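Participant:
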Amino acid sequence: MVLDQPYSMTSHTDNNIIDTLDPKQFILIKNARVHNLKNLSVALPRNKFIVVTGLSGSGKSSLAFDTLYAEGQRMYVESLSSYARQFLGRMDKPDVDYIRGISPAIAIEQKVSIKNNRSTVGTSTEIYDYLKLLYARIGRTISPISGQQVKKNSVSDVVDFIFNLDDGARVMILAPLQLQHGREMARELDLLLQKGYSRIYTSGQVLFIEDLLAGGAADITEQVFILIDRAVVRKDDEDLQFRVSDSVQTAFFEGHGECHVIFGEETRVFSDRFELDGMVFEEPNVNFFSFNNPYGACQRCEGFGTVLGIDEDLVIPDKSLSVYEGAIAPWRTEKQSEWQKPLIKNGILFDFPIHRPFNELTEEQQQLLWTGNEYFDGLHAFFDHIQTQTHKIQYRVMLSRYRGRTTCPDCRGTRLRKDASYVKINAQSITDLLLKPVTGVLEFFQHLELDAHETAVADRLAIEITNRLSYLVRVGLGYLTLNRLSSTLSGGESQRINLATSLGSALVGSMYILDEPSIGLHPRDAEQLIGVLRSLQQMGNTVIVVEHEEKMMEIADQIIDIGPEAGSGGGNLMFQGTFDDILKTPQTYTGKYLSGEMAVPVPAQRRKWRNAVEILGARENNLKNVSVKFPLDVMTVVTGVSGSGKSTLIKKILHPALTKILGGHSDATGKFDKIQGDYSKVAHVEFVDQNPIGKSSRSNPVTYVKAYDSIRTLFADQPLAKARGFKPSHFSFNIEGGRCEVCQGEGQVKIEMQFMADIYLKCESCNGHKFKQDILDVKYQDKNIAEVLDMTIADSIGFFKDQPKVAEKLRPLDDVGLGYIRLGQSSNTLSGGEAQRVKLASFLTKGATAHSENILFIFDEPSTGLHFHDISKLLTAINALIDKGNSVLIIEHNMDIIKCADWIIDMGPEGGLNGGHLLFEGTPEDMVKLEDNHTARYLKEKLA
Numbered sequence: 001m002v003l004d005q006p007y008s009m010t011s012h013t014d015n016n017i018i019d020t021l022d023p024k025q026f027i028l029i030k031n032a033r034v035h036n037l038k039n040l041s042v043a044l045p046r047n048k049f050i051v052v053t054g055l056s057g058s059g060k061s062s063l064a065f066d067t068l069y070a071e072g073q074r075m076y077v078e079s080l081s082s083y084a085r086q087f088l089g090r091m092d093k094p095d096v097d098y099i100r101g102i103s104p105a106i107a108i109e110q111k112v113s114i115k116n117n118r119s120t121v122g123t124s125t126e127i128y129d130y131l132k133l134l135y136a137r138i139g140r141t142i143s144p145i146s147g148q149q150v151k152k153n154s155v156s157d158v159v160d161f162i163f164n165l166d167d168g169a170r171v172m173i174l175a176p177l178q179l180q181h182g183r184e185m186a187r188e189l190d191l192l193l194q195k196g197y198s199r200i201y202t203s204g205q206v207l208f209i210e211d212l213l214a215g216g217a218a219d220i221t222e223q224v225f226i227l228i229d230r231a232v233v234r235k236d237d238e239d240l241q242f243r244v245s246d247s248v249q250t251a252f253f254e255g256h257g258e259c260h261v262i263f264g265e266e267t268r269v270f271s272d273r274f275e276l277d278g279m280v281f282e283e284p285n286v287n288f289f290s291f292n293n294p295y296g297a298c299q300r301c302e303g304f305g306t307v308l309g310i311d312e313d314l315v316i317p318d319k320s321l322s323v324y325e326g327a328i329a330p331w332r333t334e335k336q337s338e339w340q341k342p343l344i345k346n347g348i349l350f351d352f353p354i355h356r357p358f359n360e361l362t363e364e365q366q367q368l369l370w371t372g373n374e375y376f377d378g379l380h381a382f383f384d385h386i387q388t389q390t391h392k393i394q395y396r397v398m399l400s401r402y403r404g405r406t407t408c409p410d411c412r413g414t415r416l417r418k419d420a421s422y423v424k425i426n427a428q429s430i431t432d433l434l435l436k437p438v439t440g441v442l443e444f445f446q447h448l449e450l451d452a453h454e455t456a457v458a459d460r461l462a463i464e465i466t467n468r469l470s471y472l473v474r475v476g477l478g479y480l481t482l483n484r485l486s487s488t489l490s491g492g493e494s495q496r497i498n499l500a501t502s503l504g505s506a507l508v509g510s511m512y513i514l515d516e517p518s519i520g521l522h523p524r525d526a527e528q529l530i531g532v533l534r535s536l537q538q539m540g541n542t543v544i545v546v547e548h549e550e551k552m553m554e555i556a557d558q559i560i561d562i563g564p565e566a567g568s569g570g571g572n573l574m575f576q577g578t579f580d581d582i583l584k585t586p587q588t589y590t591g592k593y594l595s596g597e598m599a600v601p602v603p604a605q606r607r608k609w610r611n612a613v614e615i616l617g618a619r620e621n622n623l624k625n626v627s628v629k630f631p632l633d634v635m636t637v638v639t640g641v642s643g644s645g646k647s648t649l650i651k652k653i654l655h656p657a658l659t660k661i662l663g664g665h666s667d668a669t670g671k672f673d674k675i676q677g678d679y680s681k682v683a684h685v686e687f688v689d690q691n692p693i694g695k696s697s698r699s700n701p702v703t704y705v706k707a708y709d710s711i712r713t714l715f716a717d718q719p720l721a722k723a724r725g726f727k728p729s730h731f732s733f734n735i736e737g738g739r740c741e742v743c744q745g746e747g748q749v750k751i752e753m754q755f756m757a758d759i760y761l762k763c764e765s766c767n768g769h770k771f772k773q774d775i776l777d778v779k780y781q782d783k784n785i786a787e788v789l790d791m792t793i794a795d796s797i798g799f800f801k802d803q804p805k806v807a808e809k810l811r812p813l814d815d816v817g818l819g820y821i822r823l824g825q826s827s828n829t830l831s832g833g834e835a836q837r838v839k840l841a842s843f844l845t846k847g848a849t850a851h852s853e854n855i856l857f858i859f860d861e862p863s864t865g866l867h868f869h870d871i872s873k874l875l876t877a878i879n880a881l882i883d884k885g886n887s888v889l890i891i892e893h894n895m896d897i898i899k900c901a902d903w904i905i906d907m908g909p910e911g912g913l914n915g916g917h918l919l920f921e922g923t924p925e926d927m928v929k930l931e932d933n934h935t936a937r938y939l940k941e942k943l944a
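Residue 1 is where the sequence shown starts when you use full-length UniProt numbering, and the numbers rise one by one after that.
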């Protein structure tokens with residue numbers, strides 16, 4: 001049976017259909033009741049691409065993750081022994097009649113990226129592990145002096161060489177005599193005689209040791225060699241081969257790793273030491289290439305990639321100035337300007353433009369300021385001189401003024417020991433590959449040329465590396481370097497790193513469940529991602545995606561729409577079928593927005609602006625000396641493909657720079673020349689990022705938006721509370737006083753079940769109400785504190801209409817579409833989209849309070865996890881902020897939000913090294929006129 005028509009399975013009759021379907025063709029879920037699901041039954045066809053959609057909070061994640069994935073994981077854990085289960089996460093059985101036909105489940109959820117300052121793109125994708133092994137096994141150590149390969153000879157190498165000579169060739173096997181310190185030659189020769197050696201070789205002749213001891217030892221001035229053995233080559237003589245082998249081994253021992261073979265007039269030197277050109281090299285091994293191991297970490301920066309050195313941006317802070325205008329800060333004082341005078345005077349002699357701004361100089365001219373030439377001493381010489389004067393305090397102060405974290409010159413920021421770069425494959429060291437973009441590394445492996453032995457060793461490794469690199473490219477991360485720190489990635493990049501890592505395993509017959517993988521992706525990048533997911537499904541997997549992206553729904557084999565509303569109004573299966581089917585029968589919000597029956601309205605007119613904050617010369621990460629104006633009193637959207645530099649421009653430069661100017665504290669500011677404009681018209685900056693609000697069971701929406709303080713005060717002011725001496729703290733479930741001490745204000749008690757899932761039971765003392773009975777006796781408008789916490793946001797606004805302090809703090813939660821959640825609902829039960837909007841609402845609350853004008857609100861992708869219908873509500877709330885005299889700046893890819901912007905700033909044209917340029921500043925109407933612009937192409941469709 002193929003279920004390609006819209007249908008609902010909530011009736012008894014439909015449930016009987018579930019019982020008749022074949023679990024080999026379908027994944028069958030009967031009567032799911034997890035969270036807000038209302039006895040939902042559904043049959044998911046196997047090996048198809050399925051999109052689960054619906055309003056945020058309608059029950060999508062409850063179905064996909066809390067029911068389907070949870071059961072897949074639980075069944076796997078239950079299959080293990082009871083001993084093994086005690087070490088694994090114990091999972092509850094989902095509240096469902098049954099789930100049949102389930103496959104091994106792999107989930108890629110919304111999770112905050114690792115903040116470990118040693119984790120890189122290479123290590124998190126496991127590509128670097130394979131690279132280390134590859135270089136340790138087939139890497140060739142090349143001397144940096146002569147460019148020759150460093151080799152270590154074995155006994156068999158020498159024996160093979162000797163027996164490859166012509167039959168009848170005479171050879172002598174020698175070991176250089178190492179004179180011990182303070183020992184006479186006669187004494188050394190006497191010891192050799194005692195060891196059993198009878199002859200030495202020096203000055204081209206063989207001499208007997210006994211003759212020399214009789215009177216000629218003092219006359220020796222040339223290098224002396226111990227004659228270990230002499231032989232005539234006979235290739236078929238096996239006994240001779242054994243004898244020569246022993247002699248060579250002896251020669252290496254006596255010669256401290258060196259063996260000389262004389263044949264005819266020629267001499268060949270062999271060494272079992274790993275050295276060349278007077279340098280001793282380390283033999284490559286896996287730890288040699290590990291920056292997390294003291295053996296492989298760069299000694300200068302201790303494996304961190306940066307050192308405390310002279311920071312170019314502190315030495316030349318304003319790059320719009322010329323040398324003549326004082327671009328070089330330490331040479332501006334009267335005394336130190338003596339260093340600059342020769343440059344000013346003689347610049348014309350070597351064609352140096354002293355009147356040209358620093359940022360317009362060529363790379364060679366900029367470097368010349370540091371190295372100097374015969375006409376002037378450069379900045380390196382200047383700081384070397386300052387270093388010699390540090391016994392004087394003024395020079396120590398000067399030096400500290402220009403110090404900063406700079407890229408380690410020894411390892412070039414790769415954090416590997418310097419000599420690791422001597423090991424090469426096809427003329428490329430591992431440090432070269434770490435600094436290349438992923439596309440460059442993939443190209444290197446696609447054109448790898450190896451001999452037969454190297455191919456046999458490297459074949460499996462190269463396949464693993466190539467597969468993982470190709471997945472990174474296919475999910476749109478080809479511009480990243482393997483050396484890029486995981487902590488510096490944007491939210492979208494982190495999600496796709498996790499996706500590429502999972503896809504690299506290439507399992508078949510599995511069930512992949514993804515939580516909004518298009519988060520943080522430009523529509524262009526989302527199309528690439530769809531291709532990857534489709535290929536994963538075509539390999540023989542069931543791919544289930546919780547998603548709101550329209551393009552994702554278009555190519556899905558089936559769409560499952562949960563609704564009709566969110567929260568208690570959701571949890572029903574509203575539609576199951578194809579994209580064409582939902583357009584024909586648009587009965588749900590999803591169908592109405594996809595068919596065009598409903599739409600996010602385009603503003604009738606764009607707001608005009610007069611004031612702006614301007615950033616000049618932004619150069620952090622991949623930004624190419626960008627200068628851009630950020631208008632005030634309007635809604636500005638910064639867009640561009642993923643990796644184009646949007647987050648760097650806003651998070652690393654504008655936000656910290658403006659915050660510090662306004663007297664606040666922020667993270668380190670990225671590289672830029674200056675900030676100017678009307679920032680005096682900004683009272684302060686509020687930044688709403690993608691971090692979750694917390695997973696504590698004690699955290700809830702009403703405490704997060706600071707409304708609970710007013711509610712507790714209100715209850716403490718009731719006559720009965722005053723009569724009993726209750727303070728506001730008595731109405732808190734976080735501290736002792738009024739809370740139930742049996743469950744400590746949790747409302748439930750955890751029973752640990754060792755290797756089975758823990759059981760949570762309603763507290764018998766307070767019956768799940770969290771408070772003592774005498775606290776529950778206190779009522780406001782006939783409701784106690786526990787009943788208030790059990791109300792929905794929408795109901796509570798009406799309930800507290802006479803308490804504006806409370807109602808005004810709760811209303812933003814309703815404005816952003818969270819009216820269905822309960823006041824006391826634990827944060828750890830909120831979906832990703834819900835958690836984002838609670839945080840957003842807490843900042844919108846500030847826009848509803850007194851003295852809230854002239855705030856610059858910066859939103860980082862507020863459309864995360866939002867349905868079309870929720871975005872419409874969100875835009876209403878954001879526009880209300882602007883109408884109250886505030887400014888809004890949004891980093892966004894969602895076209896519904898971009899089309900509603902008053903001003904668009906577009907970065908690109910691509911990601912990584914090919915990005916970082918300002919492509920466009922203006923209104924949406926002007927942007928759609930652009931040709932060859934990724935954002936404009938998709939915006940045209942929306943404005944059409």
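Just so you know, even glycine gets a beta-carbon here, dropped at the ideal spot from N, CA and C.
Only a predicted model underlies this, so the values are computations on that prediction, with no experimental measurement involved.
1. Take R412 as the anchor and find which of P517, M539, N426 and G305 has the nearest alpha-carbon.
2. Grouping DSSP H, G and I as helix and E and B as strand, with all else coil, what is H35?
3. Count the CB pairs spanning the region 669 to 678 and the region 925 to 937 that are closer than 8 Å, and state whether there are at least three.
4. For S842, which residues from the same chain have a beta carbon less than 6 Å from its beta carbon, with the 5 sequence-adjacent residues on both sides left out?
5. Suppose contacts are defined by Cβ-Cβ distances below 9 Å. Is I582 in contact with M553 by that definition?
6. Looking at the secondary structure, which residues open and close the beta strand (DSSP E) in which A107 lies?
7. Helix or strand or just coil, what does DSSP make of W609?
8. Provide the residue span of the alpha helix (DSSP H) that contains S710, from first to last.
9. For M511, list the residues DSSP reports as bridge partners.
10. Would you mind sorting L135 into buried or exposed? The rule is 16 or more other CB atoms within 10 Å of its CB.
11. Span of the beta strand (DSSP E) holding L308?
12. At what residues does the beta strand (DSSP E) containing T406 begin and finish?
13. Going by beta carbon distance, what residues of the same chain come within less than 6 Å of S699, once the five residues before and after it are set aside?
14. Please give the ranges of any beta strand (DSSP E) in the region 907 to 940, keeping only runs that are unbroken, at least 3 residues long and fully inside the region.
15. State the Cα-Cα distance for the pair N541 and K48, rounded to the nearest angstrom.
16. Quick check: what's the CA-CA separation for Q25 versus G819?
17. Need the endpoints of the beta strand (DSSP E) that T639 sits in, please.
18. Can you say whether K646 is buried or exposed, counting buried as having 16 or more other CB atoms within 10 angstroms of its CB?
19. Run the CB neighbour count on C763, radius 10 Å, all protein chains shown included, and call it buried at 16 or more, exposed below.
20. Under the three-state reduction of DSSP, which class applies to L489: helix, strand or coil?
21. To the nearest angstrom, how far is it from the Cα of I425 to the Cα of G139?
22. Compare the C-alpha of L308 against each of T431, A612 and R401 and name the closest.
23. Compute the distance between the beta-carbons of I310 and L379, then report whether it is under 9 Å.
24. Roughly how far, in whole angstroms, is the beta-carbon of S62 from the beta-carbon of N36, given that I think they are within contact range, below 8 Å?
25. Could you name each continuous alpha helix (DSSP H) segment of 4 residues or more that falls completely within the region 518 to 600, going from the start of the chain to the end?
26. Please classify V397 as buried or exposed, where buried requires at least 16 neighbouring CB atoms within 10 angstroms.
27. Does A841 come out as helix, strand or coil in the three-state DSSP assignment?
28. With R170 as the anchor, note down where its beta strand (DSSP E) starts and where it stops.
29. Who pairs with L279 in a beta bridge, going by DSSP?
30. So G476 packs on Q528, CB below 8 Å; how close in whole Å?
31. Check each candidate in E808, F857 and D870 and name the one with the smallest Cα separation from R837.
32. What do you reckon, are the CB atoms on P603 and T588 nearer than 9 Å?
33. Could you check where the beta strand (DSSP E) with A231 kicks off and where it finishes?
34. Should E931 be labelled buried (16 or more other beta-carbon atoms within 10 Å of its own) or exposed?
Facilitator: Put simply:
1. Taking the sequence shown and counting its residues from 1, the one referred to as residue 412 is at position 412. For R412, the nearest C-alpha among the options comes from G305.
2. Counted from its first residue, the sequence shown places residue 35 at position 35. It is coil, neither helix nor strand.
3. No, the region 669 to 678 is not in contact with the region 925 to 937.
4. Residue numbering aside, residue 842 sits at position 842 when the sequence shown is read from its first letter. Taking S842 as the centre and dropping the five residues before and after it, the same chain places the C-beta of Y704 and V705 closer than 6 Å to its C-beta, in chain order.
5. Residue mapping note: residue 582 aligns to position 582 of the sequence shown, counting from 1. Residue mapping note: residue 553 aligns to position 553 of the sequence shown, counting from 1. In this structure, M553 lies closer than 9 Å to I582 by Cβ.
6. Within the sequence shown, numbered from 1, the residue matching residue 107 stands at position 107. Where A107 is concerned, the enclosing beta strand (DSSP E) starts and stops at A105 to I108.
7. As a position in the sequence shown, residue 609 is number 609, starting the count at 1. Reduced to three states, the DSSP call for W609 is coil.
8. For this step, residue 710 is matched to residue 710 along the sequence shown. Run containing S710: Y708 to A716, per the alpha helix (DSSP H) assignment.
9. The sequence position of residue 511 within the sequence shown is 511, counting from 1. Residue pairing by DSSP places M511 opposite A105 and T542 in a beta bridge.
10. Counting from 1 along the sequence shown, the entry for residue 135 is found at position 135. The question names Leu, but residue 135 is Tyr in the sequence shown. Answer is buried; the Cβ neighbour count reaches 16.
11. The residue given as residue 308 occupies position 308 in the sequence shown. That run of the beta strand (DSSP E) goes T306 to I310.
12. By 1-based counting over the sequence shown, the position of residue 406 is 406. Run containing T406: R403 to T407, per the beta strand (DSSP E) assignment.
13. Start at 1 with the first residue of the sequence shown, and residue 699 comes out as number 699. Contacts found: S827.
14. Fully enclosed beta strand (DSSP E) runs of no fewer than 3 residues occupy 917 to 922 of the region 907 to 940, in order along the chain.
15. On the sequence shown, residue 541 is found 541 positions in, with the first residue counted as 1. On the sequence shown, residue 48 is found 48 positions in, with the first residue counted as 1. Cα-Cα distance, rounded: 7 Å.
16. Here residue 25 refers to the residue found at position 25 when the sequence shown is read from its first residue. Here residue 819 refers to the residue found at position 819 when the sequence shown is read from its first residue. Between Q25 and G819, the C-alpha separation is close to 39 Å.
17. As a first step, residue 639 must be located in the sequence shown, where it is residue number 639. Segment M635 to G640, the beta strand (DSSP E) holding T639.
18. Residue 646 sits at position 646 when you count from the first residue of the sequence shown. With 16 or more other Cβ atoms within 10 Å, it is buried.
19. Position 763 of the sequence shown, counting from 1, holds the residue named residue 763. C763 should be labelled buried.
20. If you number the sequence shown from 1, residue 489 lands on position 489. L489: coil per DSSP, three-state reduction.
21. Within the sequence shown, the letter at position 425 stands for residue 425. Within the sequence shown, the letter at position 139 stands for residue 139. The alpha-carbon atoms of I425 and G139 are separated by roughly 5 Å.
22. Working through the sequence shown from its first residue, we reach residue 308 at position 308. For L308, the nearest C-alpha among the options comes from R401.
23. Here residue 310 refers to the residue found at position 310 when the sequence shown is read from its first residue. Here residue 379 refers to the residue found at position 379 when the sequence shown is read from its first residue. Contact flag set, yes.
24. Working through the sequence shown from its first residue, we reach residue 62 at position 62. Working through the sequence shown from its first residue, we reach residue 36 at position 36. Correct: roughly 7 Å between the Cβ atoms.
25. Listed in chain order, the alpha helix (DSSP H) runs fully inside the region 518 to 600 are 523 to 538, 550 to 555, 579 to 584 and 589 to 595, counting runs of at least 4 residues.
26. To locate residue 397, count along the sequence shown from 1; it is residue 397. The residue is exposed, with fewer than 16 neighbouring Cβ atoms inside 10 Å.
27. As a working note, residue 841 is residue 841 in the sequence shown. Helix.
28. As a first step, residue 170 is located in the sequence shown; it is residue number 170 there, counting from the start. Unbroken beta strand (DSSP E) run through R170: R170 to P176.
29. The sequence position of residue 279 within the sequence shown is 279, counting from 1. Note on residue identity: the sequence assigns Met, not Leu, to residue 279. When DSSP reads this structure, M279 sits in a beta bridge with L276.
30. Reading the sequence shown from its first residue, position 476 is the one you call residue 476. Reading the sequence shown from its first residue, position 528 is the one you call residue 528. Indeed they touch by this definition, with Cβ atoms about 5 Å apart.
31. Your numbering for residue 837 matches position 837 in the sequence shown. Of the candidates E808, F857 and D870, the one whose C-alpha sits nearest the C-alpha of R837 is D870.
32. On the sequence shown, residue 603 is found 603 positions in, with the first residue counted as 1. On the sequence shown, residue 588 is found 588 positions in, with the first residue counted as 1. Cβ atoms of P603 and T588: not closer than 9 Å.
33. Walking along the sequence shown from the start, residue 231 turns up at place 231. Counting along the chain, the beta strand (DSSP E) containing A231 begins and ends at F225 to V232.
34. Here residue 931 corresponds to residue number 931 of the sequence shown, with the count starting at 1. By the neighbour-count rule (16 or more Cβ atoms within 10 Å), E931 is not buried but exposed.
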